[in-house]
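*Asks:*
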Amino acid sequence: MSANGAVWGRVRSRLRSFPERLAACGAEAAAYGRCVQASTAPGGRLSKDLCAREFEALRSCFAAA
Amino acid sequence: MLRPAGLWHFCRRPRAARVAAANLGCREVTSGVSPRGGTSSRALNIFDRGLKRKQKNWAAQQPEPRKFDYLKEEVGSRIADRVYDIPRDFPLALDLGCGRGYIAQYLNKETIGKFFQADIAENALKNSLETEIPTVSVLVDEEFLPFRENTFDLVVSSLSLHWVNDLPRALQQIHYVLKPDGVFIGAMFGGDTLYELRCSLQLAETEREGGFSPHISPFTAVNDLGHLLGRAGFNTLTVDTDEIQVNYPGMFELMEDLQGMGESNCSWNRKALLHRNTMLAAAAVYREMYRNEDGSVPATYQIYYMIGWKYHESQARPAKRGSATVSFGELGKINIPEGEKSQ
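Taken in order, these protein sequences are the chains called A and B.
Each residue of the first sequence is one higher than the one before, starting from 1 at the first, in UniProt numbering.
Each residue of the second sequence is one higher than the one before, starting from 1 at the first, in UniProt numbering.
Quick look at the structure:
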């Protein structure tokens with residue numbers, strides 16, 4: 001940890017904006033969540049990047065918010 | 001530390017804790033830190049106790065510590081209820097992992113004569129809550145109690161034993177410092193605690209990164225708790241569970257509150273980075289899978305309350321085999337006379 005905590009402060013303030021930005025992207029988040037949840041149903045298998053498309057949509061919405 | 005572009009550091013470690021040299025009003029008996037590797041052959045080393053101490057120190061010196069105290073206050077009041085349920089008063093009591101003294105504020109002078117507040121974090125002891133019982137603050141690691149045998153009438157512990165590396169040994173030490181006919185009342189987090197957060201992080205990490213690492217610390221199962229208490233030598237055990245569900249606006253607020261409570265992850269095998277994408281994915285999954293009707297997300301805290309007694313001749317013991325004078329078969333033959341039914 002640095003002496004004056006400048007980096008820590010910056011990182012924390014960026015993190016604090018996450019909840020509002022996520023709230024602004026409710027639809028994309030729900031779509032991604034549904035995709036992941038569907039893979040937990042019996043017979044489904046969750047592998048890497050299974051829901052990559054939905055996540056890309058969420059990420060671009062999040063970055064734009 | 002190398003920071004590749006596009007990823008950044010969600011660091012759970014708190015700001016560097018500045019420990020004051022003077023201990024105002026605290027009598028420092030000992031400050032024990034668990035040695036690396038352990039001294040006994042069965043010692044486990046899951047948690048970094050030094051880091052846990054720093055996290056608790058940081059949490060205790062925040063500008064608004066009361067904001068994060070709600071869970072510990074609630075469990076502290078329930079433990080105080082259990083202390084009141086015992087129709088006895090305790091001249092000398094110990095609160096292990098007391099934090100800011102959440103149990104002491106609900107108890108009164110008649111029940112407890114003198115209260116030893118023991119915690120691993122000095123800032124928590126310095127900012128302790130008001131209580132009418134005379135207290136002595138001691139800096140103690142829960143696994144290395146510096147007290148003599150048969151000292152305390154009552155030992156309480158609220159939500160701090162889940163960070164102990166060697167729980168059997170800690171319980172044995174508690175048994176050791178108790179007087180005969182002394183009682184231990186404890187509360188620990190149970191296996192279902194924060195299962196929503198655990199599952200969301202697991203799913204998101206698997207989908208985003210291809211694998212996952214544990215972010216929630218392992219909790220004791222309720223059967224094991226009974227066995228551990230029995231092995232430590234306690235009699236007349238009682239273990240009951242309780243679930244407290246707290247609603248949060250979202251996953252980030254939950255994680256911030258956990259950090260504010262001093263409950264951040266400190267296991268040696270924790271991952272140092274939680275990628276921004278994984279966090280975002282986990283928050284989305286959490287919201288979708290577990291949200292309530294009003295849009296908030298719940299977090300479950302499962303608490304196990306345990307009561308154990310140290311043996312004393314006056315305590316009731318199970319009757320000897322073969323000493324029964326009536327048989328269960330006669331239960332059906334019990335007739336309550338009409339006139340005496342109202343008794």
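All residues carry an ideal CB built from backbone N, CA and C; glycine is no exception.
From a predicted model like this one, the values you see are computed outputs, not experimental measurements.
1. Going by the DSSP bridge assignment, what does B/Trp309 pair with across the sheet?
2. Where in the region 205-279 of chain B do unbroken runs of the alpha helix (DSSP H), each at least 4 residues long, occur, reported from the N-terminal end onward?
3. Can you grab the Cα-Cα spacing for the pair B/Ala22 / B/Val83, in whole Å?
4. From B/Val183 to B/Asp85, what distance separates their C-alpha atoms?
5. Could you check which residue in B/Phe116, B/Glu132, B/Asn247, B/Ser137 has the C-alpha nearest to that of B/Lys126?
6. Which same chain residues end up closer than 6 Å to B/Asp48 when comparing Cβ atoms and leaving out the 5 residues on each side of it in sequence?
7. For B/Phe68, I'd like the list of residues in its chain whose CB is within less than 6 Å of its CB, leaving aside the five on either flank, ordered along the chain.
8. Looking at the unbroken alpha helix (DSSP H) that takes in B/Pro168, where does it start and where does it end?
9. Per DSSP, A/Gly26 is paired with what?
10. Closer than 7 Å, Cβ to Cβ, to anything on chain A: give me those residues from the region 283-315 of chain B, in chain order.
11. Under 8 Å between beta-carbons, which chain B residues line up against A/Cys51? List them in chain order, please.
12. Is it buried or exposed for B/Thr325, if we count other Cβ within 10 angstroms and need 16 for buried?
13. Could you give the residue range of the alpha helix (DSSP H) that holds A/Phe62?
14. Using a cut-off of 9 Å between C-beta atoms, extract the partners of B/Glu253 located in chain A.
15. When the distance is taken between beta carbons, is A/Glu20 closer than 8 Å to A/Leu58?
16. Using beta-carbon positions only, say whether B/Met251 and B/Ala283 come within less than 8 Å of one another.
17. Is there a Cβ from chain A that is less than 8 Å from the Cβ of B/Ala281?
18. Out of curiosity, what's the CA-to-CA distance linking B/Pro180 and B/Gly233?
19. Which residue from B/Glu288, B/Asn45, B/Leu228, B/Asp153 puts its Cα closest to that of A/Gly26?
20. Run down chain B in chain order and give the residues with a C-beta less than 9 Å from the C-beta of A/Ala38.
21. Could you check the C-alpha separation between B/Lys271 and B/Lys52 for me, to the nearest Å?
22. Would you mind telling me which residues of chain B sit closer than 7 Å to A/Val33, beta carbon to beta carbon, in chain order?
23. What residues of chain A sit near B/Asn277, judged by a beta carbon separation below 9 Å?
*Replies:* For this structure:
1. B/Trp309 is bridged to B/Val183, B/Asn235.
2. Positions of the alpha helix (DSSP H) runs, each at least 4 residues long and wholly inside the region 205-279 of chain B, are given as 222-232, 251-260 in order along the chain.
3. Because the pLDDT at B/Ala22 is just 39, under 50, the model does not fix this residue reliably, and the point stays unresolved.
4. Distance between the alpha carbons of B/Val183 and B/Asp85 is about 12 Å.
5. Of the candidates B/Phe116, B/Glu132, B/Asn247, B/Ser137, the one whose C-alpha sits nearest the C-alpha of B/Lys126 is B/Ser137.
6. Counting only Cβ-Cβ distances below 6 Å, and skipping sequence neighbours, we find Cys266, Trp268.
7. If you ignore the 5 residues before and after B/Phe68, its C-beta comes within less than 6 Å of the C-beta of Asp257, Gly260, Met261, all in its own chain and listed in chain order.
8. It spans 167-177 - the alpha helix (DSSP H) in which B/Pro168 sits, taken as one unbroken run.
9. DSSP lists no partner for A/Gly26.
10. The residues in question are Ala283, Ala284, Val285, Arg287, Glu288, Met289.
11. Chain-ordered, the chain B residues with CB closer than 8 Å to the CB of A/Cys51 read Glu207.
12. B/Thr325 counts as exposed, since fewer than 16 other C-beta atoms from the protein chains shown sit within 10 angstroms of its C-beta.
13. According to the DSSP assignment, A/Phe62 belongs to the alpha helix (DSSP H) that extends over 52-64.
14. Here the neighbours are Pro19.
15. No.
16. Taking 8 Å as the Cβ cut-off, B/Met251 and B/Ala283 qualify as a contacting pair.
17. Among the CB atoms of chain A, one or more fall inside 8 Å of the CB of B/Ala281.
18. Rounded to whole angstroms, the gap between the alpha carbons of B/Pro180 and B/Gly233 is 11 Å.
19. The shortest C-alpha separation from A/Gly26 is found at B/Glu288.
20. Correct list: empty, because the minimum Cβ distance to chain B is about 10 Å.
21. The alpha-carbon separation between B/Lys271 and B/Lys52 amounts to approximately 16 Å.
22. Before going further, note that residue 33 of chain A is Gly rather than Val in the sequence given. Per Cβ cutoff of 7 Å: Ala284, Val285, Arg287, Glu288, Met289.
23. By Cβ distance, chain A contributes Phe55, Arg59.
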